[in-house]
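Asks: Protein chains in written order, with this note's numbering: chain W, 3 to 494; chain F, 519 to 828.
For every residue, glycine included, the Cβ atom is placed at its ideal position computed from N, Cα and C.
Got a structure here, written out as structure tokens. Questions coming.
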């Protein structure tokens, strides 16, 4: 079932180059293949020397690989970004409202919109987080919203990530690499900068401290350097100028959290944790965890330390809750959703389940708590045997699966061994929520390097691209609001 | 700054310095072996206090080549050059956010280079080139630290590690080699093996320095003075302990507290600063160095205790 995908460079009217890509197309036409090959070799060296590596799960301990970086940028026009910016802010505001409600009065259940079991029976629900009054009512301070594009005006949200989304370090590093390797590309178009992400992140973290009295001390909690995203943890701590701590660097005394330093214990007010819920506090969660801090949840409940992202956010971003997000937007905000969900069949509903079983070879089936491209079936590209194998899994636990039509993800020109060819991409913008919402223009573009593949995850052979949001061209007809610089923030 | 950061930087300094000292020592020993008939392996193993480990390791026999492999490559030898560089890099990697890009990149490049060299056939491995790289790159890494690191507590801990390790190395080399060359401890200059004594200086890279300072032929007493007591020789025990004391004082000032480690650092520094070489030989070089090395070990433990590095 070959669907003609929307190509972000070449699908202009009459097959012409789309306007935002004109600079890139010119550059591709001008640049010799030798120059490109040389540049690509430089990229890998740069990433290795900087130690920007990614330890893939299942690889030998300490094994480090780099995520392939494609030097052709992915370009988003100014008006497209404005649309996405509005839609993303709206969606994240709704998700935060839902999380406050889910751990509060659960009005949305009483209104009959979401069944209470959907929240309470969810494996990610953290009972200890009930009734907590978090600063600003924010639970998802850092959200990575995965978007796909299927046409000129058609964007869909594929997935919300509101636990500990990663990848933002690549957004920043890819831009650095790009400016170093192909400065001439930047000359043609004005690309909105992304380098202030770290500053915005720090401001967000500081704005959600419980303690108003003093300058909050913010730390980043990492599981340690064997974690696949360790580079990102160190990178962000460095950029923000905050301490990168492991559980063993912290301790709790009389419901306050301290870090051990050569000058004695120092108080901690906000913990940007990149450790999963289950490992945060061996007293409250998994007792065998060496990654957390004993007594941490007690300190949180006492209002002495804030944990970012909040505990139990998994109830808002699994694949079955996903289907309710448009309803959340209507219920909490009284607005129509700007960004669309992909139509989804829930296998715990008899009609949907029947349909899914009959159409396995045409659709995509996903595990509700699956991530990283695992535990899923892409019907059209799977063999009969694979489909039958998956059918057995599905029949054993229908309520563990959802299904979606196979979307033809948009493609972008990408360097592959045979030259330049279209490859499928997605987009993960990072939305920061504190006292206000901030979105640095663009996000992480992931690209499936295998021809025809729709799986972009880095653990499954995906690569990344620099993502450009173009400033409005002064020669273009003025926009309705006439603004020249991008609005990055809005009140929430 | 976290205690764990202080610990990582302290050990990064120690391991890097250890690799560098070992590289230099191997080079000097190899040259010495080429020029004399002596069996050097036992002496070198003694410097590392590893006679037993060496015998037990797979490297059976006492040939110099197998000893060198033990010191350079052996994965069961925690202080081998390759293991030391890996450990230093591990420490640095955990502290990426507390060191500069220049320091990280130069250390990581060295590690990548060693890894690439080790991937090939061991028989074809150019040990000389590997040792040369380690020496050169270690200077680059310390240089990068010197010119790019913020002069804060993190830097103090890196320096502490490097200088304590270096003081210990120089003290050890002098102790063991002097004893091998002059088993009776007598510094009298008759019948001197010129090559042996100049290679002893080469272990700390100070042959030309000796000539500049003394403008005379090699004399055991002067060699000992240079390696121990000269404050202006950057690898002398005195210089290293001076630097240790200086860094301890800076930390004491920053933290507003002093402890046993501060007292010991000051005492060790003063001991070398006010010692005279004749007096040292009156006491007996072996006894003086034995006590000194013991106290350096105690200082290292006290630093760990005082700054919660353990």
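Are any of the Cβ atoms in chain W nearer than 8 Å to that of residue 778 of chain F?
Replies: No, because no Cβ of chain W sits closer than 8 Å to the Cβ of residue 778 of chain F.
Asks: Can you tell which of W:169, W:365, W:187 has its C-alpha closest to the C-alpha of residue 234 of chain W?
Replies: Residue 234 of chain W has its Cα closest to that of W:169, out of W:169, W:365, W:187.
Asks: Quick one: which residues of the segment 275-295 of chain W get their C-beta closer than 8 Å to a C-beta of chain F? List them in chain order.
Replies: Of all residues in the segment 275-295 of chain W, none has a Cβ within less than 8 Å of some Cβ in chain F.
Asks: Taking just the CA atoms, how far does residue 537 of chain F sit from residue 624 of chain F?
Replies: If I take the Cα positions, the gap works out to 15 Å.
Asks: Can you find a CB in chain W that lies within less than 8 Å of the CB of residue 614 of chain F?
Replies: With 8 Å as the cut-off, residue 614 of chain F counts as an interface residue toward chain W.
Asks: Buried or exposed for residue 60 of chain W, going by 16 or more other Cβ atoms inside 10 Å?
Replies: Here residue 60 of chain W scores only 35 on pLDDT, less than 50, and its place in the model should not be relied on; the value that follows carries that caveat. With fewer than 16 Cβ atoms within 10 Å of its Cβ, residue 60 of chain W is classed as exposed.
Asks: Distance check for residue 649 of chain F and residue 605 of chain F, CA to CA, integer angstroms please.
Replies: Cα to Cα, the separation comes out at about 17 Å.
Asks: For residue 667 of chain F and residue 617 of chain F, what's the separation of their Cα atoms in angstroms?
Replies: C-alpha separation (whole angstroms): 7 Å.
Asks: So does the segment 302-318 of chain W actually touch the segment 117-128 of chain W, counting three or more Cβ pairs closer than 8 Å?
Replies: Output reads yes: the segment 117-128 of chain W touches the segment 302-318 of chain W.
Asks: Smallest Cα separation from residue 628 of chain F: which of F:658, F:645, F:614, F:643?
Replies: Closest by alpha carbon: F:658.
Asks: For residue 247 of chain W, return the contacting residues in chain F, with the cut-off set at a CB-CB distance below 7 Å.
Replies: What residue 247 of chain W touches in chain F: 520.
Asks: Using a Cβ-Cβ distance cut-off of 8 Å, determine whether residue 826 of chain F contacts chain W.
Replies: Output row for residue 826 of chain F: interface = yes.
Asks: Could you tell me whether the Cβ of residue 208 of chain W comes closer than 8 Å to any Cβ of chain F?
Replies: Answer no: the Cβ-Cβ gap between residue 208 of chain W and chain F never drops below 8 Å.
Asks: So that I know if they touch, is there some Cβ in chain W lying closer than 8 Å to that of residue 767 of chain F?
Replies: Not closer than 8 Å to any Cβ of chain W, the Cβ of residue 767 of chain F fails to qualify, so no.
Asks: To be precise: take each residue of the segment 217-230 of chain W, compare its Cβ to all Cβ atoms of chain F, and keep it if any distance is under 7 Å. Which residues remain?
Replies: Per Cβ criterion, the list reads 227.
Asks: Spell out a yes or no on whether the segment 116-123 of chain W and the segment 366-383 of chain W are touching, meaning 3 or more CB-CB pairs, one atom from each, closer than 8 Å.
Replies: These segments do not touch.
Asks: Applying a beta-carbon distance threshold of less than 7 Å, which residues of chain F neighbour residue 236 of chain W?
Replies: What residue 236 of chain W touches in chain F: 614, 615.
Asks: So, at 8 Å on beta carbons, what are the nonlocal neighbours of residue 614 of chain F in its own chain, with the 5 sequence-adjacent residues on each side left out?
Replies: Taken in chain order, the residues that qualify are 622.
Asks: Looking at the C-beta of residue 61 of chain W, does it have a partner C-beta in chain F at a distance below 8 Å?
Replies: Bear in mind that the predicted position of residue 61 of chain W carries a pLDDT of just 37, short of 50, making it unreliable; the figure below should be weighed with that in mind. It does not; no Cβ of chain F falls within 8 Å.
Asks: Report back the beta-carbon spacing between residue 266 of chain W and residue 248 of chain W to the nearest angstrom; my notes put them in contact at under 8 Å.
Replies: So it is not a contact: roughly 19 Å between Cβ atoms.
Asks: Since residue 513 of chain F and residue 531 of chain F are thought to touch, with beta carbons under 8 Å apart, how far apart are those beta carbons, to the nearest angstrom?
Replies: Residue 513 of chain F falls outside the range modelled here, since chain F spans only 519 to 828, and no answer is possible.
Asks: Report the residue from F:630, F:612, F:809, F:780 whose alpha carbon sits nearest the alpha carbon of residue 529 of chain F.
Replies: If we check each option's Cα against that of residue 529 of chain F, F:612 comes out closest.
Asks: Rounded to whole angstroms, what's the CA-CA distance from residue 403 of chain W to residue 115 of chain W? Just pull it up for me.
Replies: Going from the Cα of residue 403 of chain W to the Cα of residue 115 of chain W covers about 21 Å.
Asks: Check whether the segment 749-758 of chain F touches the segment 681-691 of chain F, taking contact to mean three or more Cβ pairs, one atom from each stretch, closer than 8 Å.
Replies: Yes: at least three Cβ pairs fall under 8 Å.
Asks: Going along chain F, which residues have a C-beta under 8 Å from residue 239 of chain W?
Replies: Under the 8 Å cutoff, chain F gives 615.
Asks: For residue 151 of chain W, collect the residues of the same chain with a Cβ closer than 6 Å to its Cβ; drop the 5 residues on either side in sequence, then sort them by chain order.
Replies: Hits under 6 Å: 157, 412.
Asks: What residue from W:136, W:70, W:285, W:187 has the CA that sits closest to residue 32 of chain W's CA?
Replies: Taking only the C-alpha atoms, the option nearest residue 32 of chain W is W:187.
Asks: Which chain F residues sit within Cβ distance under 7 Å of residue 261 of chain W?
Replies: The contacting residues are 520.
Asks: Would you verify that the beta carbon of residue 185 of chain W is, or is not, closer than 8 Å to some beta carbon of chain F?
Replies: No, its Cβ sits nowhere closer than 8 Å to a Cβ of chain F.
Asks: With a cut-off of 8 Å on the beta carbons, I'd call residue 363 of chain W and residue 389 of chain W a contact; round off their distance for me.
Replies: At roughly 6 Å, the Cβ-Cβ gap stays under 8 Å, so residue 363 of chain W and residue 389 of chain W are in contact.
Asks: Note down, in chain order, all residues in the segment 663-686 of chain F with a beta-carbon under 9 Å from any beta-carbon belonging to chain W.
Replies: Here the close residues are 671, 675.
Asks: Output, in chain order, the set of chain W residues within a Cβ distance shorter than 7 Å of residue 524 of chain F.
Replies: Here the neighbours are 264.
Asks: So, for residue 62 of chain W: in the same chain, excluding its five sequence neighbours on each side, which residues have a beta-carbon less than 6 Å away from its beta-carbon?
Replies: With a pLDDT of 38 at residue 62 of chain W, under the threshold of 50, the modelled position of that residue is not reliable, and the figure given next carries that caveat. Counting only Cβ-Cβ distances below 6 Å, and skipping sequence neighbours, we find nothing.
Asks: Going by other Cβ atoms of all chains shown within 10 Å of its Cβ, with 16 needed for buried, is residue 444 of chain W buried or exposed?
Replies: Residue 444 of chain W comes out buried.
Asks: Could you name the residues of chain F that residue 251 of chain W contacts, counting a contact when the two beta carbons are closer than 9 Å?
Replies: The contacting residues are 520, 521, 522, 523.
Asks: Could you work out which residue in F:720, F:694, F:651 is closest to residue 630 of chain F when comparing CA atoms only?
Replies: That would be F:651, whose Cα lies nearest to the Cα of residue 630 of chain F.
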